[in-house]
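Chemist: 10 is the number of the first residue of the sequence shown in the working numbering; add one for each residue after it.
Heads up, the beta-carbon is just placed ideally off N, CA and C, and yes, glycines get one too.
All figures in this text were calculated on a predicted structure; none of them were measured in a lab.
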Amino acid sequence: MILLRPSKKSVKSILILFVLWFIPWVFLLYTGILVYFPYHKDGKSRFIRITGPVASWFGGDWASWKQIPNACKRSLVIAEDDQFYHHHGISIESIKESIEVNWRYKRILQGGSTITQQLVKNAFLSRDKSYIRKIREIIGALLADLTMSKDFQILWYLNIVEYGPKVYGIKAAARYYYHKDVRYLRTKECVALITVLPSPIRLGNSIKRGSYSERFLRRYNRILPYF
């Protein structure tokens, strides 16, 4: 039996593919460690200090953990991932359920994403729906959960997600919708801000108009009874 040795070209191609796949996750791990450093007195993490001009262009400063009302943090967990403090970045049950739904309909309808997965997606990945991106999201979530505390994941999430048209971060959202500092948000206002997250443009219009869509009210009324 003659064993064929892989050509130098094929070995080189494999190495290139491995590097292209591996480097983004090294970057993610490094960034996770970087942003976990203690905050400065002004409340900005090193990550935000490094990306300050970009963060400012998107509409907001970094809100510290103490500045964000507990109602906003609790609302996020209630609405998006009620097992957040009990898993390691991913939910096996949710992934199984999403696979079953997507297999049944032969397309990606359900993501089964935890807060950690959503954080990775918003911070590092594109928004296209593909199985490759989902795999990267899962790997990234596992790494993120290893490098960040749960509370810091909540903090980072609330500071980078979109709440309306070019409104990024809960500090900017508090000003945009309620014309106040994030520290003074009331419970119902926190619930409303978390309510808009799945579709910030459409659902955010409900707050702006003061006329609430059925979809907004359904999600809002699911969160509010927990307070």
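Closest to I210 by C-alpha separation, out of E171, R228 and N230, would be which residue?
Modeler: Check the Cα spacing between I210 and each of E171, R228 and N230: the tightest is with E171.
Chemist: Starting from Y166, trace the alpha helix (DSSP H) both ways and give me its first and last residue.
Modeler: K159 to I169
Chemist: Jot down the residue ranges of each uninterrupted alpha helix (DSSP H) in the region 182-210, minimum 4 residues, whole runs only, in chain order.
Modeler: 196-204
Chemist: Would you kindly work out how many angstroms separate the C-alpha atoms of K189 and I141, rounded to a whole number?
Modeler: 41 Å
Chemist: Would DSSP call G173 helix, strand or coil?
Modeler: strand
Chemist: Are F236 and T204 closer than 7 Å when you measure CB to CB?
Modeler: At least 7 Å separates the beta-carbon of F236 from that of T204.
Chemist: Should the region 78-85 be called in touch with the region 195-203, which here means at least 3 C-beta pairs below 8 Å?
Modeler: yes
Chemist: Count the other C-beta atoms from every protein chain shown that fall within 10 angstroms of the C-beta of L118, then say buried if there are 16 or more, exposed otherwise.
Modeler: Only weak support exists for where L118 lies, its pLDDT of 49 falling under 50; the coordinates are left without a value.
Chemist: Do the CB positions of A72 and V176 come within less than 7 Å of each other?
Modeler: no
Chemist: Since A182 contacts L202 with CB under 8 Å, what's their CB separation in whole angstroms?
Modeler: 5 Å
Chemist: Beta-carbon within less than 8 Å of Y187's beta-carbon, same chain only, minus the 5 sequence neighbours each way: which residues are those?
Modeler: L194 and E198
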